[in-house]
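Engineer: In the numbering used here, the protein residues as written are 1 to 230.
Positions of the beta carbon are idealized from the N, C-alpha and C atoms, including for glycine.
Predicted model only: the values in this text are computed from it and were never measured.
One structure follows; several queries about it will come next.
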DNA sequence: GCGACAG
DNA sequence: ATCTTGTCGC
């Protein structure tokens, strides 16, 4: 199951933004999210003065959160961090890690925005187009848009709006704790995105699969942080 | 022109 | 994202 390349990654910032506008037109954020048995989450980590990125994808069983499979790797960063262009830096290694999975999960959660992006193509949407599976963006902070502060209890939510358009949901996953910013990546609607995040969140602020991916990728970074593998 | 700006 | 100690609160 090889991933068919959609486009090149070595683009100038202006070219990258133009491509995002084209790709955003192909994103489907109206599809209802079906039952998800195998849930995956991806995350990326790196050290400050190092040009290597550590990427990981963790797959868990719905309900029990039992880890079914994990995929991790180290790769050279091919793009700098530019607000709004995060996927050009982190998507390549995430796609590579995903491609190494033995079995395809039903949905992929990404640590970042979905369509809640200035040009409606956050990393979750971008990766969703490449993979052709449902993806959901769950970010810890806001990139763009405005909203009314959601209620203080777990489950309380408020629509995220940008330029008169609905782009996501500000969701309180834990009472009295800062909310997370949820938005459809691809092949998923607002309700499905909210439901997936709520159903995968327990005693912590972040979705369990995302936390597991975060822990795993940091484990890889701290362990392989000194030198390469050559 | 000024401020904001996922990870 | 990462660099870092203590500290407030349940």
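Beta-carbon separation of residue 91 and residue 127 under 9 Å?
Structural biologist: Counting from 1 along the first chain, the entry for residue 91 is found at position 91. Counting from 1 along the first chain, the entry for residue 127 is found at position 127. In contact: residue 91 and residue 127 (Cβ atoms closer than 9 Å).
Engineer: Excluding the 5 residues flanking residue 212 on each side, which residues of the same chain have their C-beta closer than 6 Å to its C-beta?
Structural biologist: Looking up residue 212 in the first chain gives position 212. So the list reads 58, once near-sequence residues are dropped.
Engineer: Going by CA-CA distance only, name the one from 135, 41, 169 that's closest to residue 147.
Structural biologist: Mapped onto the first chain, residue 147 falls at position 147. Measuring from the Cα of residue 147, the nearest candidate turns out to be 169.
Engineer: Any idea what DSSP makes of residue 148, helix, strand or coil?
Structural biologist: In the first chain, counting from the first residue as 1, residue 148 sits at position 148. Of the three classes helix, strand and coil, the one that applies to residue 148 here is coil, per DSSP.
Engineer: Please determine, among 131, 89, 96, the residue with the shortest C-alpha to C-alpha distance to residue 112.
Structural biologist: Residue mapping note: residue 112 aligns to position 112 of the first chain, counting from 1. Comparing Cα positions, the closest option is 89.
Engineer: Straight-line CA distance for residue 206 to residue 217?
Structural biologist: Working through the first chain from its first residue, we reach residue 206 at position 206. Working through the first chain from its first residue, we reach residue 217 at position 217. Straight-line Cα distance between these residues: approximately 16 Å.
Engineer: Using a 10 Å radius around the Cβ and a threshold of 16 neighbouring Cβ atoms, would you call residue 86 buried or exposed?
Structural biologist: Taking the first residue of the first chain as position 1, residue 86 is located at position 86. It is buried - the Cβ of residue 86 has at least 16 other Cβ atoms within 10 Å.
Engineer: Taking the C-alpha atoms as reference points, what is the distance between residue 179 and residue 204?
Structural biologist: What you label residue 179 is simply residue 179 of the first chain in a count that begins at 1. What you label residue 204 is simply residue 204 of the first chain in a count that begins at 1. Those two C-alpha atoms are separated by around 11 Å.
Engineer: With distance defined between alpha-carbon atoms, name the residue in 175, 163, 40 nearest to residue 156.
Structural biologist: Numbered from its first residue, the first chain carries residue 156 at position 156. Closest option to residue 156, Cα to Cα, is 175.
Engineer: Return the first residue and the last residue of the alpha helix (DSSP H) that residue 194 is part of.
Structural biologist: Within the first chain, residue 194 is the residue found at index 194, counting from 1. In the DSSP annotation of this structure, the continuous segment of the alpha helix (DSSP H) that includes residue 194 starts and ends at 190 to 199.
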